[in-house]
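J.:
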Amino acid sequence: MSLDKMDLDIKTGGDVELQSPGQVELTIDPAAEKRLLRKLDMFLSPMMVLFFLVAYLDRSNIGNAAVAGMTTDLGLEGNQLNVAVTVFYVTYIAFEIPASLALKKLRASRLIPFFIIAWSAVVIGSAFVRNYAGLLATRLLLGTFESGLFPCLTLYLSTFYKKEEQAKRISYLFVAAALSGAFGGLLAYGLTNLHGAKGLAGWRWLFLVEGLISIVIGIVAVFMLPDNFETAWWLREDEKALMRIRHEQTKVYLGESETFDKAEVKLAFKDPKVWLSAACQFCANTCSFGFGTFLPIIIRGFGYDSVRTQLLTVPVYIWASCVYIFVSFLSDRFNRRAVFMVPMALVTATGYAILLGVNMTTTGALYFGTFVTATGIYCVVGLNVTWVSNSNAGYFKRATAIGLQQTVGNSAGIMVSS
Numbered sequence: 004m005s006l007d008k009m010d011l012d013i014k015t016g017g018d019v020e021l022q023s024p025g026q027v028e029l030t031i032d033p034a035a036e037k038r039l040l041r042k043l044d045m046f047l048s049p050m051m052v053l054f055f056l057v058a059y060l061d062r063s064n065i066g067n068a069a070v071a072g073m074t075t076d077l078g079l080e081g082n083q084l085n086v087a088v089t090v091f092y093v094t095y096i097a098f099e100i101p102a103s104l105a106l107k108k109l110r111a112s113r114l115i116p117f118f119i120i121a122w123s124a125v126v127i128g129s130a131f132v133r134n135y136a137g138l139l140a141t142r143l144l145l146g147t148f149e150s151g152l153f154p155c156l157t158l159y160l161s162t163f164y165k166k167e168e169q170a171k172r173i174s175y176l177f178v179a180a181a182l183s184g185a186f187g188g189l190l191a192y193g194l195t196n197l198h199g200a201k202g203l204a205g206w207r208w209l210f211l212v213e214g215l216i217s218i219v220i221g222i223v224a225v226f227m228l229p230d231n232f233e234t235a236w237w238l239r240e241d242e243k244a245l246m247r248i249r250h251e252q253t254k255v256y257l258g259e260s261e262t263f264d265k266a267e268v269k270l271a272f273k274d275p276k277v278w279l280s281a282a283c284q285f286c287a288n289t290c291s292f293g294f295g296t297f298l299p300i301i302i303r304g305f306g307y308d309s310v311r312t313q314l315l316t317v318p319v320y321i322w323a324s325c326v327y328i329f330v331s332f333l334s335d336r337f338n339r340r341a342v343f344m345v346p347m348a349l350v351t352a353t354g355y356a357i358l359l360g361v362n363m364t365t366t367g368a369l370y371f372g373t374f375v376t377a378t379g380i381y382c383v384v385g386l387n388v389t390w391v392s393n394s395n396a397g398y399f400k401r402a403t404a405i406g407l408q409q410t411v412g413n414s415a416g417i418m419v420s421s
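Remember, the working numbering sits 3 above the position in the sequence shown when you count from 1.
(1) Within 10 Å of its beta-carbon, does GLY412 have 16 or more other beta-carbons around it, so buried, or fewer, so exposed?
(2) Please list the terminal residues of the continuous alpha helix (DSSP H) segment that includes ASP61.
(3) Would you say ALA185 faces chain D, with C-beta separation under 8 angstroms as the test?
(4) To the nearest angstrom, how far is it from the Cα of SER150 to the Cα of ILE119?
(5) According to DSSP, is SER291 helix, strand or coil?
(6) If we ignore side chains and look at the alpha-carbon of each, how far apart do SER5 and GLY214 end up?
(7) Please return the same chain residues whose Cβ sits closer than 8 angstroms to the Cβ of GLN169, not counting the five positions on each side in sequence.
(8) For a test of the three-state rule: what should DSSP assign to ASN362, helix, strand or coil?
(9) Rounded to whole angstroms, what is the Cα-Cα separation between THR89 and ASP264?
(10) Is GLY397 helix, strand or coil when you go by DSSP?
(11) What's the gap between the Cα of MET50 and the Cα of ASP230?
(12) Using a 10 Å radius around the Cβ and a threshold of 16 neighbouring Cβ atoms, would you call GLY25 buried or exposed?
(13) Return the residue from the list ILE115, ALA71, ASN362 that minimises the CA-CA distance to GLY199.
(14) Could you tell me if LYS171 is buried or exposed, where buried requires 16 or more neighbouring beta carbons within 10 angstroms of its beta carbon?
(15) If you drop the 5 nearest sequence neighbours on each side, which residues of the same chain put their C-beta closer than 7 angstroms to that of LEU182?
(16) List the endpoints of the continuous alpha helix (DSSP H) containing TYR95.
(17) Could you compute how far the alpha carbon of TYR381 sits from the alpha carbon of VAL212?
(18) Let me check understanding here. Comparing Cα to Cα, which of GLY397, SER414, ARG340 lies closest to VAL167?
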């Protein structure tokens, strides 16, 4: 969309100067832009956090359910729990690229709520499975419907925020993932105490209530989530004009094609940076998936009962959230990603070394090791996502790059869980 002088006659505090026919110098008052960013954060961030929080809550609650007696009730034997965790990623990785490419055509206000409502129904159904086959079926369906959320949210945020503003906002998604562990531990503690109520085991209450929470959020999202800034009901006309200027300033990065661009898709598959980022994501997710899914089981291995185990996961995730918020602010401040990713990866490696090397009877040192491990995990995963989003101009190239990175990265879940 071209902008003329009338389009730019807004309260920006800056002059608009014609450079040549059809061209303008786009200037924005920094104070006005800061107010706009605060408003974007106020409306978008809580929704993004809620969406990702319930997504992680619903995919990782199988660990809490296992601690609460699901394995015994369903008669799981050998590695059947690990297989149930693994099959989630089979369908999850299969649909990430198609979902990210479909976002523009199917509209964010419809596609994202659809994903949430669909997987919520699956989680509710998980409360009523009676055997191993039923558990596998629900995990496969859960992976199918959760697959599109993260690539779509990352792509969605890139249409509202400039490259140098994205690390902090994407960090909120991973903070939500970390907080889902803390919230999930508290929720599991409360819901598993309902064991026997209405004839349902505690772990069944866990699936049922968490699924109901998610489905309510999905229904609300239908009415609250705008497709883009032009349809954002909470932006005034002068604020939308500011967004148009920001869009014009970054139109090469954002991409202007409204129809599917096969050439951009091919560029993403040929770009070595995309494959490098995907390889980094695979390594980072190898650490994070195992940690997130099996942390309750790791802590229970220290000899604690199921209730205390659920509670002891909470401080670990709160610590991880605080660290990541701080690091993401620094990353945006200096507009650098790798210089923060590498040290955080080393910290995580140190944490795993503690968990693997310390005797299982030394519970204090092992619990400390979980904090060290959590310190870097979300920083590495989240900043790498920001890096691939920042590094690919053009909507469909960026959509493909994000989807490809997540497909390769999330395939780590199959290896970790098997």
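Every residue, glycine too, gets a C-beta built ideally from N, C-alpha and C. Since we're looking at a predicted model, the values are computed, not measured.
T.: The relevant details are as follows:
(1) To locate residue 412, count along the sequence shown from 1; it is residue 409. Sixteen is the threshold: when 16 or more other Cβ atoms of the shown chains lie within 10 Å of the Cβ of GLY412, as they do, the residue is buried.
(2) One-based indexing of the sequence shown puts residue 61 at position 58. Its alpha helix (DSSP H) spans residues 33-70.
(3) Absence of chain D from the displayed structure is noted, only one protein chain being present.
(4) As a position in the sequence shown, residue 150 is number 147, starting the count at 1. As a position in the sequence shown, residue 119 is number 116, starting the count at 1. Counting only the Cα atoms, ILE119 lies some 10 angstroms from SER150.
(5) In the sequence shown, the residue the question calls residue 291 occupies position 288. In this structure, SER291 counts as helix in the three-state DSSP scheme.
(6) Counting from 1 along the sequence shown, the entry for residue 5 is found at position 2. Counting from 1 along the sequence shown, the entry for residue 214 is found at position 211. Its pLDDT being 41, under 50, SER5 is placed unreliably by the model, and nothing is read from it.
(7) Working through the sequence shown from its first residue, we reach residue 169 at position 166. For GLN169, where only same-chain residues beyond five positions count, the Cβ hits under 8 angstroms are LEU160, SER161, ASP335, THR389, SER392, ASN393.
(8) Residue mapping note: residue 362 aligns to position 359 of the sequence shown, counting from 1. The answer is coil: DSSP assigns ASN362 none of H, G, I, E or B.
(9) The residue you call residue 89 lines up with position 86 of the sequence shown. The residue you call residue 264 lines up with position 261 of the sequence shown. Answer to the nearest angstrom: the Cα atoms are 34 angstroms apart.
(10) Numbered from 1 along the sequence shown, position 394 holds the residue referred to as residue 397. When DSSP states are grouped into helix, strand and coil, GLY397 belongs to the coil group.
(11) Here residue 50 is taken as the residue at index 47 of the sequence shown, counted from 1. Here residue 230 is taken as the residue at index 227 of the sequence shown, counted from 1. Cα to Cα, MET50 sits roughly 13 angstroms from ASP230.
(12) Your numbering for residue 25 matches position 22 in the sequence shown. Residue placement at GLY25 is flagged as unreliable, the pLDDT there being 44, under the threshold of 50; a coordinate-derived value is accordingly withheld.
(13) Taking the first residue of the sequence shown as 1, we reach residue 199 at position 196. GLY199 has its Cα closest to that of ALA71, out of ILE115, ALA71, ASN362.
(14) Within the sequence shown, residue 171 is the residue found at index 168, counting from 1. Buried, because 16 or more other Cβ atoms sit within 10 Å of the Cβ of LYS171.
(15) Within the sequence shown, the letter at position 179 stands for residue 182. Hits under 7 angstroms: LEU56, TYR320, SER324.
(16) Translated into the one-based positions of the sequence shown, residue 95 becomes position 92. TYR95 -> alpha helix (DSSP H) spans 83-97.
(17) Stepping through the sequence shown from its first residue, residue 381 is reached at position 378. Stepping through the sequence shown from its first residue, residue 212 is reached at position 209. Roughly 27 angstroms separates the two Cα atoms.
(18) What you label residue 167 is simply residue 164 of the sequence shown in a count that begins at 1. The displayed chain sequence assigns Glu, not Val, to residue 167. Nearest of GLY397, SER414, ARG340 to GLU167, Cα basis: ARG340.
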